[in-house]
Amino acid sequence: MENKETINSILNIVKYDLYFTGTQINYYFVCKRKLWFFSHNMELESESDVVLLGKLLHEQSYKSKRMKEVTIERIKIDFIDRAEEIHEVKRSRKMEDAHLYQLLYYLYFIKHYTGKVMRGVIDYPLLRKRANIELDEGKEKEIQNILQDISRIVNTDKPPEEEWKKYCKACAYRELCWC
């Protein structure tokens, strides 16, 4: 009986860890208040100029390669170039930690969902740069800690206090914080 409980506990942890989206991981590094709003079904960025520019960049930069967005459960990967390599396309390095951990979460998700270990690449087509990313044991533990903190944040009754950051001016959630 004890082994069955241990197995169920592990399965619940894995299911729980795979519940979040890449956007939530990204917002964790950008703004915890934005993370809370988004996680409570206040999705305001679908009409954002910044988001639309990012989508256009992805489409224009890789149209000749026929790269398509890949959806696995709750995550959306920009494209898979080779069987072992997933790609995220970003406009600039301004939010580099958010980009890094979003991709690390995708690698973590795929590893725990499918058992497959993959490599990742963050593509910055406007800069003509790319960053190769691998999920090691240390980063995997960081992801687990981040997921716990995200859970703590989204399960509170109220959003975290607002905190002015230089990109608040262009944020789709600005009016929820600064009006």
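Residue numbers (the working numbering): 1487 to 1665.
Just so it is clear, CB atoms sit at the ideal spot from N, CA and C, and this is done for glycine as well.
Bear in mind the structure is a predicted one, so any value in this text is a computation, not a measurement.
Cutting at 7 Å between CB atoms, please list the residues of its own chain near L1589, excluding the five before and the five after it.
E1574, G1606, I1608 and I1619
C-beta contact flag for Y1591 and I1639 at 8 Å:
no
Local Cβ density within 10 Å of A1656, reported as buried at 16 or more and exposed below that:
exposed
Considering only residues of the same chain and omitting the five flanking positions on each side of R1660, which have a CB-CB separation below 8 Å?
C1654
With a CB to CB cut of under 6 Å and the five nearest residues on each side skipped, what residues in its chain are close to W1650?
none
Option nearest D1643 by Cα separation, candidates H1526, L1633 and E1626
H1526
What does DSSP give as the partner residue(s) for Y1610 in the beta ladder?
K1615
Between T1509 and R1616, what straight-line distance do the alpha-carbon atoms span, to the nearest angstrom?
20 Å
At which residues does the beta strand (DSSP E) containing F1565 begin and terminate?
F1565 to R1568
In terms of residue numbering, what span does the alpha helix (DSSP H) encompassing T1509 cover?
G1508 to V1516
Measuring straight from C-alpha to C-alpha, what distance separates F1524 and C1663?
13 Å
Which residues mark the beginning and the end of the alpha helix (DSSP H) in which H1526 is found?
Counting along the chain, H1526 falls outside any alpha helix (DSSP H), and DSSP gives it neither H nor E.
If you run the structure through DSSP and keep just helix, strand and coil, what is V1603?
coil
Cut-off 8 Å between Cβ atoms - residues of its own chain near L1586, not counting five sequence neighbours on either side:
I1608, A1617 and I1619
With a cut-off of 8 Å on the beta carbons, I'd call Y1594 and E1626 a contact; round off their distance for me.
6 Å
Can M1604 and E1555 be called in contact, C-beta distance under 8 Å?
no
Would you decide whether G1631 is buried or exposed? Buried here means 16 or more other CB atoms lie within 10 Å of its CB.
Correcting the residue type first, residue 1631 is Asn in the shown sequence and not Gly. It counts as exposed.
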